[in-house]
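This report refers to the structure that appears directly beneath it.
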Ligand code: B12
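Protein chains in written order, with the working numbering: chain L, 1273 to 1684; chain A, 12 to 160.
Here it is in structure tokens:
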């Protein structure tokens, strides 16, 4: 079979059927040789892997001239500028490394993804990541309404240019990376997957990022799987992808490794099919290829040594909370893009600490003494805050302490 | 130059390619607690918007924050744009965060940022140094109490 016949989704499903967790780096370099070496080393790591091309910040915000200038001047970029490079360059980058046994996904963080989708499909790729909400609110100042329009078009473009194999992963399970209680992450991930399906994508993944407590996280991943079964059309291929912690990372090598291992155990225990790892360089700088490979192999070894299933964590209401949010959105409009926009405008979805002008900004969260992430204020969302409303006011010191909770615990 | 106690307005901004916001949420709280009125422009701020808001808000200080690794280049473009406007050429501008891609601060790039118009560069994100800078800027007497030696 030639490259592009076995889709990203199909590859992950086959691995899952064989009992293997797929692990994937967050990797992207402006330098071609490094990017190529990164893909090759990922492919041949001692783990079941898929490859990643992470796009740089200029390309993400559509500043392709700035990306071209950086290439011309030899300035380092924080990712691979897929639009600035000629399409033959990207084809050559992938040639002989990407095939049916090694799918490659493009990860980018753009609220206007069309040019990136054109560039990736022109290079023969068919898998990407994003979402109208999750690549908008955390990633800049594009109005949500515009992002919804661009993402609808982006999905249709991908479905048209990669018929039968197009895959899109929602970034909804991450949002700002930290301090967002699980119910909202699960709801947005589900809603975005549904959005992709309605815009012609036949294979999706739903994400969830590791938070502050493993039991709460396991419950959230199970809630996400259950909601996917209930809300996604039966013909849509789907799997769950877990992200190793996306907030402020431990600064020590040991701390970073322990947090990564905890995420691999969580992925297996809660039944995620794919895990995107973080490296020991996370708190400091863009990781090297070597550090990425080490993280992939560490995660794979831990997953290997972990038993699936195990005792179900007790139901503390993550599923009910996510479902209430999903239903509140779906009730607003038959057209999901409009419903999402209306939901944020009315504050029915409200991401804590998010500065985006289309976010109501009335919700707040905190981490309780047992490390559970809780709502302290829900704004107008149709859910309840767990904490009595007398939390001390947020100060810069308290915010930093909250942001560093996980890092502190693992760095010890 | 010491600022008067009455007018202490800070324009806080991310850089054009940087979408990170926890740094901005944190700095807004930090500066507010130091007694400043803060206009937080948010992430991914194009230089034209920065110039426009700077003119409209007339801040006593502009604080640029970047952590995505493009800070040296984007920060240079931001201050160059401000300095090119005669009416904005004197407003103090500082930058900080995690400015380069290699996780190290770099004396050469720091010097270039200063030469282009930054009054101070906190490329290791040093908050104590920033606090000392603010104290000098606002002309308050320095209190050694509670500071590490
Ligand atoms: C959360 C996070 C995200 C979230 C951000 C959500 C949001 N809207 O904020 C998400 C997941 C979306 C994200 C995306 C990306 N991220 Co990010 N992210 C992080 C992470 C994990 C934590 C950052 C954080 O929240 N810090 C908390 C705040 C309070 O701390 P801070 O930002 O460090 O700021 C402190 C100081 O620097 C200082 N400071 C900051 N500004 C200023 C200014 C002045 C004047 C002063 C005095 C001090 C100061 O004050 C703060 C308090 O101490 C860091 C890694 C880490 N630290 O663990 C990576 C990190 C910052 N991200 C990084 C990158 C590269 C990206 C991406 C480009 C993706 C990519 N290629 O990997 C995109 C951004 C796209 C874009 N257009 O910019 C890199 C930057 C690399 C570098 N500088 O060399 C890091 C270091 C990760 C890594 N190792 O690769 N990210």
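Built from N, CA and C at the ideal position, the CB exists for glycine as well.
Next item on the list: Run the CB neighbour count on residue 1283 of chain L, radius 10 Å, all protein chains shown included, and call it buried at 16 or more, exposed below.
Entry: By the 10 Å Cβ count, residue 1283 of chain L comes out buried.
Notebook entry, point to check: Looking only at C-alpha atoms, which of A/57, A/34, A/23, A/19 sits nearest to residue 1410 of chain L?
Noted result: Nearest option by C-alpha distance: A/34.
Item checked: chain A contacts made by the segment 1666 to 1681 of chain L, where a contact means CB separation under 8 Å -> For the segment 1666 to 1681 of chain L, the set of residues with a beta-carbon nearer than 8 Å to any beta-carbon of chain A comprises 1666, 1667, 1668, 1671, 1672, 1675, in chain order.
Note to self: For a cutoff of 7 Å on Cβ pairs, would you count residue 1333 of chain L as touching chain A?
What the structure shows: For residue 1333 of chain L, the closest Cβ of chain A is nearer than 7 Å.
Next item on the list: Please decide whether residue 1534 of chain L counts as near chain A, where near means a Cβ-Cβ distance under 7 Å.
Entry: Not one beta carbon of chain A lies nearer than 7 Å to the beta carbon of residue 1534 of chain L.
Check: If you count every other CB in all the chains shown that lies within 10 Å of the CB of residue 1650 of chain L, and 16 or more means buried, which is it?
Finding: Label assigned to residue 1650 of chain L: buried.
Check: alpha helix (DSSP H) containing residue 1384 of chain L: first to last residue?
Finding: For residue 1384 of chain L, there is no enclosing alpha helix (DSSP H), since its DSSP letter is neither H nor E.
Next item on the list: Leaving out five residues on either side along the sequence, give the residues of the same chain with a beta carbon under 6 Å from the beta carbon of residue 112 of chain A.
Entry: Around residue 112 of chain A: 80.
Next item on the list: Determine, using beta carbons only, whether residue 26 of chain A comes closer than 7 Å to chain L.
Entry: No, no contact with chain L.
Next item on the list: Using a threshold of 7 Å, state whether the C-beta atoms of residue 1515 of chain L and residue 1544 of chain L are closer than that.
Entry: No, the Cβ-Cβ distance between residue 1515 of chain L and residue 1544 of chain L is not below 7 Å.
Notebook entry, point to check: Out of L/1367, L/1373, L/1444, L/1420, which has the shortest C-alpha to C-alpha gap to residue 1386 of chain L?
Noted result: With distances taken between Cα atoms, residue 1386 of chain L lies closest to L/1420.
Next item on the list: State the DSSP-derived secondary structure class of residue 1406 of chain L, mapped to helix, strand or coil.
Entry: Reduced to three states, the DSSP call for residue 1406 of chain L is coil.
Notebook entry, point to check: Going by beta carbon distance, what residues of the same chain come within less than 7 Å of residue 1417 of chain L, once the five residues before and after it are set aside?
Noted result: The answer, listed in chain order, is 1613.
Check: For residue 142 of chain A and chain L, any beta-carbon pair shorter than 7 Å?
Finding: False, the Cβ-Cβ gap to chain L never drops below 7 Å.
Next item on the list: Identify the continuous alpha helix (DSSP H) that holds residue 1535 of chain L and give its terminal residues.
Entry: Note, residue 1535 of chain L: alpha helix (DSSP H), 1525 to 1542.
Next item on the list: Quick one: grab the DSSP three-state call for residue 1658 of chain L.
Entry: DSSP places residue 1658 of chain L in coil when its eight states are reduced to three.
Notebook entry, point to check: Does the beta carbon of residue 1442 of chain L fall short of 6 Å from some heavy atom of the ligand B12?
Noted result: No, since every heavy atom of the ligand B12 falls outside the 6 Å radius drawn around the Cβ of residue 1442 of chain L.
Checklist line | Pick from L/1400, L/1560, L/1317, L/1458 that is closest to residue 1503 of chain L, judged by C-alpha positions | finding: Of the candidates L/1400, L/1560, L/1317, L/1458, L/1458 places its Cα closest to the Cα of residue 1503 of chain L.
Note to self: What does the alpha-carbon distance come out to for the pair residue 1471 of chain L and residue 150 of chain A?
What the structure shows: A direct Cα-to-Cα measurement between residue 1471 of chain L and residue 150 of chain A gives close to 59 Å.
Item checked: Where the beta strand (DSSP E) containing residue 1564 of chain L begins and where it ends -> Where residue 1564 of chain L is concerned, there is no enclosing beta strand (DSSP E), although the alpha helix (DSSP H) it sits in stretches over 1561 to 1576.
Checklist line | Interfacial residues, the segment 1411 to 1436 of chain L to chain A, with Cβ spacing under 8 Å | finding: When CB distances to chain A are screened at a threshold of 8 Å, the residues of the segment 1411 to 1436 of chain L falling below it are 1411, 1412, 1413, in chain order.
Next item on the list: Mind listing the chain C neighbours of residue 34 of chain A? Cutoff is C-beta to C-beta under 8 Å, in chain order.
Entry: Considering every chain present, this structure includes no chain C. Its protein chains are L and A.
Check: Can you list the residues of chain A that residue 1442 of chain L reaches, using a CB-CB cut of under 8 Å?
Finding: Near residue 1442 of chain L there are no residues of chain A at all, since even the closest Cβ is about 18 Å away, more than 8 Å.
Note to self: Quick check: what's the CA-CA separation for residue 1322 of chain L versus residue 1309 of chain L?
What the structure shows: Computed Cα separation, rounded: 14 Å.
Note to self: If contacts are defined as beta-carbon pairs under 8 Å, then residue 1632 of chain L and residue 1652 of chain L qualify, I think. What distance do you get, rounded to the angstrom?
What the structure shows: Rounded, the Cβ-Cβ distance is 7 Å, consistent with contact.
Next item on the list: Can you tell me which of L/1403, L/1354, L/1609, L/1358 puts its alpha carbon nearest to the alpha carbon of residue 1378 of chain L?
Entry: With respect to the C-alpha of residue 1378 of chain L, the residue from L/1403, L/1354, L/1609, L/1358 having the closest C-alpha is L/1354.
Next item on the list: With a 10 Å radius around its C-beta and 16 neighbouring C-beta atoms as the bar for buried, classify residue 1398 of chain L as buried or exposed.
Entry: The residue in question, residue 1398 of chain L, is buried, as its Cβ has 16 or more Cβ neighbours within 10 Å.
Item checked: residue 1329 of chain L Cβ short of 6 Å to the ligand B12 heavy atom set -> In this structure, residue 1329 of chain L has its CB closer than 6 Å to one or more heavy atoms of the ligand B12.
Item checked: Local conformation of residue 22 of chain A per DSSP, three classes -> In this structure, DSSP gives residue 22 of chain A an extended state, which the three-state scheme calls strand.
Checklist line | Same chain, Cβ closer than 6 Å to residue 1278 of chain L, five either side skipped, listed in chain order | finding: Excluding residues within five positions, the ones whose Cβ falls inside 6 Å are 1372.
Notebook entry, point to check: Between the segment 1474 to 1493 of chain L and the segment 1619 to 1631 of chain L, do at least 3 Cβ pairs fall closer than 8 Å?
Noted result: Contact fails: fewer than three Cβ-Cβ distances are below 8 Å.
Check: Got a sec, what are the start and stop residues for the alpha helix (DSSP H) residue 1461 of chain L sits in?
Finding: That run of the alpha helix (DSSP H) goes 1454 to 1470.
Check: Can you list, in chain order, the residues of its chain whose CB lies under 8 Å from that of residue 1476 of chain L, leaving out five sequence neighbours each side?
Finding: Excluding positions up to five away in sequence, the list reads 1281, 1439, 1440, 1441, 1442, 1465, 1468, 1469, 1504, 1508, 1509, 1510.
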